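Participant: Numbering (the UniProt record's numbering), first residue to last: 1 to 285.
Cβ coordinates follow ideal geometry from the N, Cα and C atoms, glycine included.
Here the structure is a predicted model, which is why all the values come from computation and not from measurement.
Sending over a structure as structure tokens; questions will come in a sec.
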Amino acid sequence: MDNNNETHDPSEVTTNTRPKFGQRYLKDENEVYSQNAWDNVLWTTEQESQANAVIAQNSADILTDDVKGLYDTAAAKYWDHFYAQHQDKFFKDRTWLQTEFPELFNENGRIKLFRLRCRKYDCSYSSLFYECSRKSPDYDPLRCHAFVFDVTATDAILPFPKNSIDVIVMVFVLSAVSPEKFTSVMVNLVSYMKPGGIFLFRDYGRGDMVQLRFKKGKCLGENFYLRSDGTRVYFFKQEELRQLFLGCGLEEVENILDHRLIVNRKKELKMYRVWIQCKYKKPLR
1 MDNNNETHDP SEVTTNTRPK FGQRYLKDEN EVYSQNAWDN VLWTTEQESQ
51 ANAVIAQNSA DILTDDVKGL YDTAAAKYWD HFYAQHQDKF FKDRTWLQTE
101 FPELFNENGR IKLFRLRCRK YDCSYSSLFY ECSRKSPDYD PLRCHAFVFD
151 VTATDAILPF PKNSIDVIVM VFVLSAVSPE KFTSVMVNLV SYMKPGGIFL
201 FRDYGRGDMV QLRFKKGKCL GENFYLRSDG TRVYFFKQEE LRQLFLGCGL
251 EEVENILDHR LIVNRKKELK MYRVWIQCKY KKPLR
């Protein structure tokens, strides 16, 4: 979800470290521009202080309730406009899914997967994104079903029964929802999971580069911002996600901060990204 400076872009519990991805670790600062990205690059105390200062500044002025209500009510319209401009070319294929979420690649048989507003094969908040999905040459109606679904509409009728889904995948979706609706959204989604099913989640973390780029006058609430294209984005903390998932009756498998340093070697720019990745399981009992 780029818009100039605003980027749209299991048996053991892991809470503080990130699992293997690229195994590319920066051990010598002099080598920082030798690669395009580095894993597990933690911030210094000074960097954390600077980030907190920037967030305090860009969230000093909160938009009025009338403005908040306007963009909440018209959320689907702004996403339709976004996809009308970008079609299906904006979001890249998520090639990291197999590494980070091996649960999606079950060798023991077929799984029933519910994927929300991802690159392909999913349900979407936007009717135009739905059309893009169905027009894809990879779309196979015998294996998947794309449909429009307002995730905040807890009374919506979905094309499958409750307690029937093996895996729910929610990647950079919840951050587009008003925070006061997080609980109702999650409770509703969890009701469709089978006992033993797993919820795979990835989204923006507090302090991400995107949050630090917002200017004053764009803040809708704590860690919640309005982009210039009318879409919205929230930046999560680990503990609030933990409480959200546990409050829905799920068991924690993984809740980690993914600190990534992205490097533009040509311009010698450093971009610090912060994402949160979670896996939560529905109890068998």
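Bridge partners of L261, per DSSP?
Facilitator: W38 and Y272
Participant: Does the separation of the CB atoms of A51 and L220 fall below 8 Å?
Facilitator: no
Participant: Looking only at its own chain, which residues have a Cβ that is under 7 Å from the Cβ of L226, when we skip the five neighbours before and after it?
Facilitator: L63, Y71, K218, L220 and R232
Participant: Does the beta-carbon of P102 have 16 or more other beta-carbons within 10 angstroms, so that it is buried, or is it exposed?
Facilitator: Counting every other CB atom within 10 Å of its CB across the protein chains shown gives P102 a total below 16, marking it as exposed.
Participant: Out of E239, R265, R115 and I262, which one is the CA nearest neighbour of E254?
Facilitator: E239
Participant: Kindly identify the DSSP beta-bridge partner or partners of K266.
Facilitator: DSSP lists no partner for K266.
Participant: Taking all protein chains shown into account, decide if Y25 is buried (16 or more other Cβ within 10 angstroms of its Cβ) or exposed.
Facilitator: exposed
Participant: Tell me where the beta strand (DSSP E) around L113 begins and ends.
Facilitator: First-last of the beta strand (DSSP E) with L113: L113 to L116.
Participant: When the Cα of G69 is compared with those of E251, K281, Y33 and G230, which residue comes out closest?
Facilitator: Nearest C-alpha to G69: G230.
Participant: So which of V187, Q243 and F114 has the shortest CA-CA distance to L158?
Facilitator: F114
Participant: Going by Cα to Cα distance, which pick from K216, K162 and A156 is closest to A53?
Facilitator: K216
Participant: For chain C, find out if any of its Cβ atoms is closer than 8 Å to the Cβ of N163; answer yes or no.
Facilitator: The chain labelled as chain C is not found in the depicted structure, where only one protein chain is given.
Participant: Output the distance between the C-alpha atoms of R206 and S178, rounded to the nearest integer angstrom.
Facilitator: 16 Å
Participant: Grouping DSSP H, G and I as helix and E and B as strand, with all else coil, what is P283?
Facilitator: coil
Participant: Rounded to whole angstroms, what is the Cα-Cα separation between R265 and K194?
Facilitator: 46 Å
Participant: Mind the definition here: the segment 185-201 touches the segment 256-272 only if three or more C-beta pairs lie below 8 Å; say whether that holds.
Facilitator: Inter-segment contact for the segment 185-201 and the segment 256-272 is absent: fewer than three beta-carbon pairs are separated by less than 8 Å.
Participant: Which value, in whole angstroms, describes the spacing of the CA atoms of Y192 and K282?
Facilitator: If I take the Cα positions, the gap works out to 10 Å.
Participant: What separation, rounded to the nearest whole angstrom, lies between the Cα atoms of L97 and F147?
Facilitator: 22 Å
Participant: Alpha carbon to alpha carbon, how far is I111 from V41? Give it in angstroms, no decimals.
Facilitator: 35 Å
Participant: Would you check if the distance between the CB atom of residue 313 and the CB atom of C278 is smaller than 8 Å?
Facilitator: Not covered by the structure: residue 313. The range shown for the chain is 1 to 285.
Participant: Taking C-beta to C-beta, are S164 and Y234 nearer than 8 Å?
Facilitator: no
Participant: Find the nearest neighbour of K162 within the set Y280, L257, Q243 and V187, judged by alpha-carbon distance.
Facilitator: V187
Participant: Suppose contacts are defined by Cβ-Cβ distances below 8 Å. Is D203 in contact with F172 by that definition?
Facilitator: yes
Participant: Which class does V173 belong to by DSSP, given the choice of helix, strand or coil?
Facilitator: coil
Participant: Can you tell me whether DSSP reads I55 as helix, strand or coil?
Facilitator: helix
Participant: Considering just the uninterrupted stretch of the alpha helix (DSSP H) at K27, what are its terminal residues?
Facilitator: Note, K27: premise wrong, no alpha helix (DSSP H); not H, not E.
Participant: What residues in its chain sit with their C-beta under 8 Å from that of D61, if we drop five residues either side in the sequence?
Facilitator: K216, G217 and C219
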